[in-house]
Amino acid sequence: MDLQPNYTLKKSIEEWRERNIIITIAILKTKSESDDDEQEVLHSLDRLEEFCKEDSHHDWFVFENYLPVLVGLLERKSLEIRCHALFVLYILAKESDDTKEQLASIGKLIEFVVMSLGRCSEERKLAVALLLELSRTKLIHNKIGKAHGCIFLLVTTKNDGDQAASDATQLLENLSYLDENVVKMAKANYLSNYSDVLNQEMMM
Numbered sequence: 001m002d003l004q005p006n007y008t009l010k011k012s013i014e015e016w017r018e019r020n021i022i023i024t025i026a027i028l029k030t031k032s033e034s035d036d037d038e039q040e041v042l043h044s045l046d047r048l049e050e051f052c053k054e055d056s057h058h059d060w061f062v063f064e065n066y067l068p069v070l071v072g073l074l075e076r077k078s079l080e081i082r083c084h085a086l087f088v089l090y091i092l093a094k095e096s097d098d099t100k101e102q103l104a105s106i107g108k109l110i111e112f113v114v115m116s117l118g119r120c121s122e123e124r125k126l127a128v129a130l131l132l133e134l135s136r137t138k139l140i141h142n143k144i145g146k147a148h149g150c151i152f153l154l155v156t157t158k159n160d161g162d163q164a165a166s167d168a169t170q171l172l173e174n175l176s177y178l179d180e181n182v183v184k185m186a187k188a189n190y191l192s193n194y195s196d197v198l199n200q201e202m203m204m
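In terms of full-length UniProt numbering, the sequence shown is residues 1 to 204.
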């Protein structure tokens, strides 16, 4: 009896599974856009997070034009929906510079993410992580500091004392290469605090 695995069958099953996932991703996009059923949107986002954990599926999110849909969800009143959307956007942005550049073309992206900086700690943490990841691409890097209230909110977040604070500090350092951002940081008392730390270290 031949106990060798049937590689042809195995490959066919894998291809069938992949096609199934691609179809599911396309269907979930429609459900994610629902204005009436919040639970359906949350369920769809839960499934999307699962698929996002596998790198091979990331391209399909871009291909299915998910990015504008996810950005649009940041306008929703539901905290859960916004947090799920921020997390999925973070995973996709982290995947490649191409995805970051496509996000850069979505007009209100930075505005919506900055609004999340002023909300609860959970949402703020996700928003800072996403902004930090996006700042690695110059196209978006230049937009972040220009967003109304962004630097002030980042300076405020820096005092949280958690991962969000660490990310905010790193992001502020990344933004400090532009003079106009440095001026905003000074107005938010970020640079004076930074100078105090330097002075203390020099006196030690």
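Note that the Cβ used here is the ideal one computed from N, Cα and C, for glycine as well.
If contacts are defined as beta-carbon pairs under 8 Å, then K100 and I140 qualify, I think. What distance do you get, rounded to the angstrom? At roughly 6 Å, the Cβ-Cβ gap stays under 8 Å, so K100 and I140 are in contact.
Can you tell me which of the three DSSP states L178 falls into? The answer is coil: DSSP assigns L178 none of H, G, I, E or B.
So E75 packs on F51, CB below 8 Å; how close in whole Å? That pair is no contact at about 23 Å.
Nearest-angstrom Cβ-Cβ length linking A168 and V128, presumed shorter than 8 Å: So it is a contact: roughly 5 Å between Cβ atoms.
Determine whether the beta carbon atoms of L89 and L131 lie at a separation below 7 Å. 7 Å or more divides the Cβ of L89 from the Cβ of L131.
If we count the other Cβ atoms within 10 Å of its Cβ and call it buried at 16 or more, is H84 buried or exposed? That one is buried.
Residue of I25, E95, L67 minimising C-alpha distance to E133: When I25, E95, L67 are compared, the shortest CA-CA separation from E133 is found for E95.
How is K53 classed by DSSP in three states: helix, strand or coil? DSSP places K53 outside both helix and strand once states are collapsed to three, so it counts as coil.
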